[in-house]
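The sequence shown maps to residues 566 to 809 in my numbering.
Data block below; observations after.
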Amino acid sequence: MIEKSIPAAGYCRLVLEAPYIAGRARPGQFALFYLPGEHRYHLPRPFSFFKTDPDRGRFSVFFQIKGLGTDLLAKAEPGEKWKLLGPLGSGFPPLNTGALLVAGGIGIAPLAFLAASSAVPRTLVYGARTAVDLSCPAKELDLPGLTVVETTDDGSRGRKGTATEQMAAFLPACSAVFACGPRPMLAAVAASCREASVEVWLSLEEQMACGIGACVCCAVETSFGFKRVCHDGPVFSAGEVFFR
Ligand code: FES
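Quick look at the structure:
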């Protein structure tokens with residue numbers, strides 16, 4: 566790890582040097598972080614890619630500090646070495662003009678990377694419970710062709726309401742929707758898009774153990790049977806995922 570910052574209370578961003586991963590990572594994919602030292606027998610932690618710099622062999626992750634793994638990472642100092650595995654999983658398809666990105670909370674991490682992957686006109690609806698949870702640094706979303714609509718449940722920043730409510734206004738004119746966030750939000754996004762007959766891609770956040778498709782603990786029910794989020798996803802077409 567070569568750089569650490571705390572952009573908002575309870576949120577951490579790390580920059581890591583790993584040329585192999587940085588050169589291959591695509592938006593929506595993730596890397597596994599193996600805990601060091603006395604914690605090495607714990608399960609690895611998955612983190613979506615937030616940004617990459619292939620020329621310098623670097624990538625960054627952005628996460629909420631919650632639990633042992635994220636706490637250890639947030640306390641790590643530049644220079645510490647972590648064992649990593651990646652890039653893993655499927656990524657989002659490329660953005661087309663008129664794409665609508667919908668991020669809930671820390672679901673912004675893969676969507677910020679996706680937003681930066683293209684310069685076509687596109688809109689990001691970025692929602693969270695309160696202003697402090699809109700934790701992504703504004704400069705990371707200051708991208709050519711990107712319109713950002715912020716929304717908070719309590720109205721403490723941006724529009725008042727949920728990301729799902731705000732996205733409704735953009736649905737009729739959008740080419741496709743790309744979303745990441747809490748499961749109830751994704752279920753609501755999928756339902757709205759189904760009603761509007763809009764294609765939608767979801768990045769699912771599930772608890773993982775092995776992270777490489779071996780243990781099946783991250784399985785979700787789809788129209789093609791159970792699929793492993795770590796191996797077959799985390800990005801799925803909403804039409805195939807069952808939300809129960
Ligand atoms: Fe083991 Fe997905 S975490 S199969």
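All residues carry an ideal CB built from backbone N, CA and C; glycine is no exception.
Residue state for GLY593 is assigned as coil, using DSSP reduced to three classes. Here the alpha carbon of GLY622 sits roughly 11 Å from the alpha carbon of ALA590. With a 10 Å radius around the Cβ and a threshold of 16 neighbouring Cβ atoms, TYR606 comes out exposed.
When distances are taken from the beta-carbon of GLY634 to the heavy atoms of the ligand FES, even the shortest one reaches 7 Å or more. Residue state for LYS640 is assigned as helix, using DSSP reduced to three classes. For VAL794, the shortest C-beta to heavy atom distance toward the ligand FES is below 7 Å.
Membership of GLN629 in the beta strand (DSSP E) is indicated by the continuous run 623-629. Rounded to the nearest angstrom, the gap between the Cα atoms of ALA583 and ALA693 is 31 Å.
By alpha-carbon distance to PHE624, the top candidate from CYS780, GLY790, PRO592 and MET773 is PRO592. Within the same chain, and ignoring the five residues on either side of PRO643 in sequence, the residues whose Cβ sits closer than 8 Å to its Cβ are MET566, ILE567, GLU568 and LYS569. Beyond the five residues adjoining it in sequence on each side, VAL626 comes within less than 6 Å, by CB distance, of LEU579, PHE612 and PHE615 in the same chain, given in chain order. Under the DSSP assignment, PHE801 falls in the beta strand (DSSP E) whose first and last residues are 800-802.
One Cα belongs to GLU805, the other to PHE789, and the distance between them is close to 7 Å. Cβ contact annotation for THR617 (same chain, cutoff 6 Å, sequence separation greater than five): ALA587, ALA590 and PHE624, in chain order. By the neighbour-count criterion, in which 16 or more other beta carbons inside 10 Å mark a residue as buried, LEU660 falls on the buried side. VAL781 has its Cβ nearer than 7 Å to a heavy atom of the ligand FES. As computed with DSSP, ALA784 is found in a beta bridge with ARG793. A distance criterion of 7 Å places the beta-carbon of GLY776 in contact range of the ligand FES, judged by its closest non-hydrogen atom.
Judged by beta-carbon spacing, ILE673 lies within the 8 Å limit of TYR691, meaning their Cβ atoms are closer than that value. Residue environment for GLN772: exposed (fewer than 16 other C-beta atoms within 10 angstroms of its C-beta). In the three-state reduction of the DSSP assignment, THR717 falls in the strand class. Distances from the CA of ALA664 to each of ALA756, SER700 and PRO686 were compared; the closest alpha carbon is that of PRO686. Exposure of ARG759 is indicated by the presence of fewer than 16 other C-beta atoms within 10 angstroms of its C-beta. Relative to the non-hydrogen atoms of the ligand FES, the Cβ of MET773 comes within a distance shorter than 7 Å of at least one.
Judged by DSSP secondary structure, VAL697 falls outside any beta strand (DSSP E); it is assigned neither H nor E.
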